[in-house]
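Report on the following structure.
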Amino acid sequence: MTEKTIKLGKKKKNTFMDKVKEILPEGGNLNLCLTCGACSSGCPATGLENMDPRKFLRMAALGMDDELTSTPWVWMCTMCQRCIYVCPMKIDIPQLVYNARDTWPRETRPKGILGSCDMALKNESGSAMGTSPDDFTFVVEDVLEEYQEAQPEFKDMQAPIDKQGAEFFLNQNSREPVTEPDEMVPLWKILHLVGANWTYGSKGWGGENYCMFLAEDASWKHLVQQSTDQAHELGCKTFLNTE
Amino acid sequence: MRKSFGDPIAEDLRFVVKSIVGEENFIDMTPNRSNNYCCGGGGGFLQSGYKDERLEYGRLKDEQIQATGADYCIAGCHNCHAQIHELSEHYGGHYPVVHLWSMICLSLGILGPNEREYLGDDLKEVNVFHPETALM
Ligand code: SF4
Ligand code: SF4
Numbered sequence: 279m280t281e282k283t284i285k286l287g288k289k290k291k292n293t294f295m296d297k298v299k300e301i302l303p304e305g306g307n308l309n310l311c312l313t314c315g316a317c318s319s320g321c322p323a324t325g326l327e328n329m330d331p332r333k334f335l336r337m338a339a340l341g342m343d344d345e346l347t348s349t350p351w352v353w354m355c356t357m358c359q360r361c362i363y364v365c366p367m368k369i370d371i372p373q374l375v376y377n378a379r380d381t382w383p384r385e386t387r388p389k390g391i392l393g394s395c396d397m398a399l400k401n402e403s404g405s406a407m408g409t410s411p412d413d414f415t416f417v418v419e420d421v422l423e424e425y426q427e428a429q430p431e432f433k434d435m436q437a438p439i440d441k442q443g444a445e446f447f448l449n450q451n452s453r454e455p456v457t458e459p460d461e462m463v464p465l466w467k468i469l470h471l472v473g474a475n476w477t478y479g480s481k482g483w484g485g486e487n488y489c490m491f492l493a494e495d496a497s498w499k500h501l502v503q504q505s506t507d508q509a510h511e512l513g514c515k516t517f518l519n520t521e
Numbered sequence: 002m003r004k005s006f007g008d009p010i011a012e013d014l015r016f017v018v019k020s021i022v023g024e025e026n027f028i029d030m031t032p033n034r035s036n037n038y039c040c041g042g043g044g045g046f047l048q049s050g051y052k053d054e055r056l057e058y059g060r061l062k063d064e065q066i067q068a069t070g071a072d073y074c075i076a077g078c079h080n081c082h083a084q085i086h087e088l089s090e091h092y093g094g095h096y097p098v099v100h101l102w103s104m105i106c107l108s109l110g111i112l113g114p115n116e117r118e119y120l121g122d123d124l125k126e127v128n129v130f131h132p133e134t135a136l137m
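Residue numbers (this note's numbering), protein chains in the order written: chain C, 279 to 521; chain Y, 2 to 137.
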């Protein structure tokens with residue numbers, strides 16, 4: 279096995295890293311690396327695609343933009359931020375990764391993530407499975423009614439949608455209403471027992487946000503806004519994110 | 002938890018879990034709290050199509066969990082739940098992975114027969130609320 283010699287990029291005026299630095303507070307500290315390797319030694323993505331966070335950052339510093347913006351590794355770093363936690367200089371490598379994702383032409387990004395984002399943009403639910411507000415409402419009401427009857431201790435339990443003036447706005451991962459609706463019930467029971475005044479929103483109830491993972495700022499913002507607008511509309515005080 | 006809210010919330014969560022299962026039945030993994038490893042379900046990895054890499058990423062998490070010898074793993078979010086559940090099958094640990102809400106309701110005696118999808122066989126029949134409503 280022969281290792282290819284790494285060719286250093288020519289000193290470009292405005293490299294990928296320069297651009298990312300401009301948009302991060304304190305430039306994400308991207309210039310301050312001591313090359314200690316603490317990030318890489320505790321990163322579960324180290325070794326995948328022959329990459330690791332320190333190497334990724336060094337390549338950025340060396341202006342190797344073509345490699346950075348083409349390696350699929352950017353879809354394997356979960357942006358978990360553990361590297362920042364252990365880094366003596368608090369360098370924001372995940373932001374570098376996020377922005378590298380954003381350099382991929384849209385249609386070349388992983389199909390699953392792209393598809394889930396598009397689904398969420400399809401209607402006002404914001405659900406990665408494309409479930410409509412009507413379908414969601416139907417499932418919630420149907421399951422609630424079933425449990426109110428089957429378990430009489432919970433005959434007064436509620437699972438409100440668009441309840442004006444509720445204290446808590448709760449979102450919901452699409453997996454439950456779509457594939458395993460019974461799994462929504464335990465949380466409803468807990469909220470009922472503690473007397474929480476809560477509601478789902480018919481708009482923006484979807485808890486997952488694959489547009490964020492797609493690194494598509496405008497769509498990500500749209501989904502968050504859709505949920506928070508609905509929470510404001512209903513006069514809710516606290517947003518409960520179940521994701 | 003670790004990423005967004007840090008150690009104070011991790012402590013709150015430990016209080017909840019210990020209250021449910023009992024202090025002596027809670028086993029922490031190493032490293033833990035803010036220093037813990039991501040399981041690999043986040044960041045879109047689950048839908049990215051890179052399955053082999055995702056399972057390889059999660060190997061560290063699976064080893065951590067298996068090292069505790071715990072019978073159950075509680076996951077705090079959907080991505081984590083789906084990923085760790087798959088790790089448990091893939092690496093042969095076969096530990097059940099459960100949502101926190103299931104455990105809270107189980108401890109309160111209000112977990113019905115159809116709300117037990119992820120409980121292991123050892124708990125499937127324990128303290129069932131309205132067992133007569135089980136779907137055949
Ligand atoms: S932990 Fe920080 S300083 Fe050390 S190599 Fe990684 S990025 Fe550089
Ligand atoms: S954010 Fe990415 S690079 Fe940093 S530790 Fe997590 S997976 Fe590794």
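Yeah, the Cβ is synthetic: ideal placement off N, Cα and C, and Gly gets one too.
Notebook entry, point to check: Can you name, in chain order, every residue of its own chain whose Cβ lies under 7 Å from the Cβ of D440 (chain C), other than the five neighbours on each side?
Noted result: T477, G479, S480, L512
Next item on the list: Just list the beta strand (DSSP E) runs in the segment 395–429 of chain C, keeping only unbroken ones of 3 residues or longer that don't cross its boundaries, in chain order.
Entry: none
Notebook entry, point to check: Got a sec: is the Cβ-Cβ distance from T134 (chain Y) to anything in chain C below 7 Å?
Noted result: yes
Margin query: Taking its Cβ as the centre, do 16 or more other Cβ atoms sit within 10 Å of V463 (chain C), making it buried, or is it exposed?
Written below: buried
Notebook entry, point to check: Would Q504 (chain C) be called buried (16 or more neighbouring beta carbons within 10 Å of its own) or exposed?
Noted result: buried
Notebook entry, point to check: Do L312 (chain C) and K299 (chain C) come within 7 Å of each other at the CB atom, strictly closer than that value?
Noted result: no
Next item on the list: Work out the CA separation of L501 (chain C) and A378 (chain C) for me, nearest whole Å.
Entry: 22 Å
Next item on the list: Throw me the rounded Cβ distance for the G482 (chain C) and Q508 (chain C) pair, which I believe falls under 8 Å.
Entry: 4 Å
Check: From C:W353, C:G306, C:S405, C:T324, pick the residue whose C-alpha is nearest to that of L492 (chain C); which is it?
Finding: C:W353
Check: Comparing the CB of A323 (chain C) with every heavy atom of ligand 2, is any distance shorter than 6 Å?
Finding: yes
Note to self: One question on the structure: do M337 (chain C) and L346 (chain C) come within less than 7 Å of each other, judged by their Cβ atoms?
What the structure shows: yes
Check: Rounded to a whole number of angstroms, what is the C-alpha to C-alpha distance between N551 (chain C) and F446 (chain C)?
Finding: Because chain C is modelled from 279 through 521, residue 551 (chain C) falls outside the range shown and cannot be assessed.
Checklist line | Interface positions of the segment 53–75 of chain Y facing chain C (Cβ-Cβ less than 9 Å), listed along the chain | finding: E54, R55, E57, Y58, G59, R60, L61, K62
Next item on the list: Please confirm whether any heavy atom of ligand 1 lies closer than 6 Å to the CB of C358 (chain C).
Entry: no
Margin query: ligand 4 and C365 (chain C): does the residue's C-beta get closer than 6 Å to at least one heavy atom of that ligand?
Written below: What this structure holds is ligand 1 and ligand 2, not ligand 4.
Item checked: Range covered by the beta strand (DSSP E) that runs through I75 (chain Y) -> 74–76
Notebook entry, point to check: Regarding C361 (chain C) and ligand 2, is the C-beta to nearest heavy atom distance less than 6 Å?
Noted result: yes
Notebook entry, point to check: Which of the residues in the segment 18–39 of chain Y, read from start to end, lie with their CB under 9 Å from any CB of chain C?
Noted result: P32, S35, N36, N37, Y38, C39
Check: Residues of chain Y with a CB under 8 Å from the CB of G482 (chain C): which are they?
Finding: None at all; the shortest Cβ gap to chain Y is about 17 Å.
Check: Is there at least one non-hydrogen atom of ligand 2 closer than 6 Å to the beta-carbon of C355 (chain C)?
Finding: yes
Next item on the list: Report yes or no: do the segment 41–58 of chain Y and the segment 84–95 of chain Y share at least 3 C-beta pairs separated by less than 8 Å?
Entry: yes
Notebook entry, point to check: So, using beta-carbon positions, are N451 (chain C) and H79 (chain Y) closer together than 7 Å?
Noted result: yes
Notebook entry, point to check: Around the C-beta of C358 (chain C), are 16 or more other C-beta atoms found within 10 angstroms, so that it is buried, or is it exposed?
Noted result: buried
Checklist line | Selection from Y:G45, Y:E126, Y:P132, Y:L56 that minimises the alpha carbon distance to K389 (chain C) | finding: Y:G45
Margin query: For the beta strand (DSSP E) containing V99 (chain Y), name the first residue and the last one.
Written below: 98–100
Check: By the criterion of Cβ-Cβ separation under 8 Å, what are the contact partners of F46 (chain Y) in chain D?
Finding: Judged by its chain identifiers, the structure shown contains no chain D, and its protein chains are C and Y.
Next item on the list: Spell out the partners DSSP gives L448 (chain C) in its beta bridges.
Entry: C:L518
Check: F491 (chain C) CB to nearest chain Y CB: under 7 Å?
Finding: yes
Check: In three-state terms, what does DSSP make of G45 (chain Y)?
Finding: coil
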